[in-house]
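**Student:** Residue numbers (our numbering): 46 to 165.
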Amino acid sequence: MSKLMIVDDELDVREYLKNFFKRRKIDVITAESGEEAIELIGTQQPDLMILDVRMAGIDGVETLKRIRGQGNSVQVIMVTGVEDEVMLKPLNELNVSACIHKPLILEELEKEVLQRLMTK
């Protein structure tokens with residue numbers, strides 16, 4: 046079974062996405078912060094991560110920098126409400142699989158997730 050990690054500081058978003066993807070027979074783990082994601086990624090070894098850009102504590106970009114710094118090449122779909130190209134520019138250098146803008150369209154997110162998990 047494929048494993049998906051959802052990292053978002055909003056409980057409602059985490060729970061909604063977790064339930065949505067569990068119904069699609071995907072093993073889902075969640076983290077409420079970048080710090081928690083960094084702690085979990087080594088032991089949980091997800092096939093794919095959905096990572097919010099703006100979070101309390103360290104943001105999604107810094108979280109991904111630290112994960113990549115550990116040598117982890119997990120596929121990542123970034124979710125953002127940010128339209129600022131300067132802020133999003135580092136994503137290209139961090140090997141992000143996809144970037145989806147808020148408000149989320151579930152069908153678009155589902156398509157990206159299923160496509161990435163099929164190519165793992």
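All C-beta atoms in this analysis are idealised placements derived from N, C-alpha and C, irrespective of residue type, glycine included.
Buried or exposed for residue 50, going by 16 or more other Cβ atoms inside 10 Å?
**Tutor:** With 16 or more Cβ atoms within 10 Å of its Cβ, residue 50 is classed as buried.
**Student:** Are three or more beta carbon pairs between the segment 70 to 81 and the segment 98 to 107 nearer than 8 Å?
**Tutor:** Result yes; three or more Cβ-Cβ pairs closer than 8 Å.
**Student:** Buried or exposed: which applies to residue 160, given that a residue is buried once 16 or more other Cβ atoms fall within 10 Å of its Cβ?
**Tutor:** The residue is exposed, with fewer than 16 neighbouring Cβ atoms inside 10 Å.
**Student:** Does the beta-carbon distance from residue 113 to residue 83 come in below 8 Å?
**Tutor:** No. Outside cutoff.
**Student:** When you compare each of 72, 98, 140, 118 to residue 127 by their alpha carbons, which one comes out closest?
**Tutor:** When only C-alpha atoms are compared, the closest one is 98.
**Student:** Could you compute how far the alpha carbon of residue 138 sits from the alpha carbon of residue 109?
**Tutor:** Between residue 138 and residue 109, the C-alpha separation is close to 11 Å.
**Student:** Under the three-state reduction of DSSP, which class applies to residue 85: helix, strand or coil?
**Tutor:** Three-state DSSP puts residue 85 in a helix.
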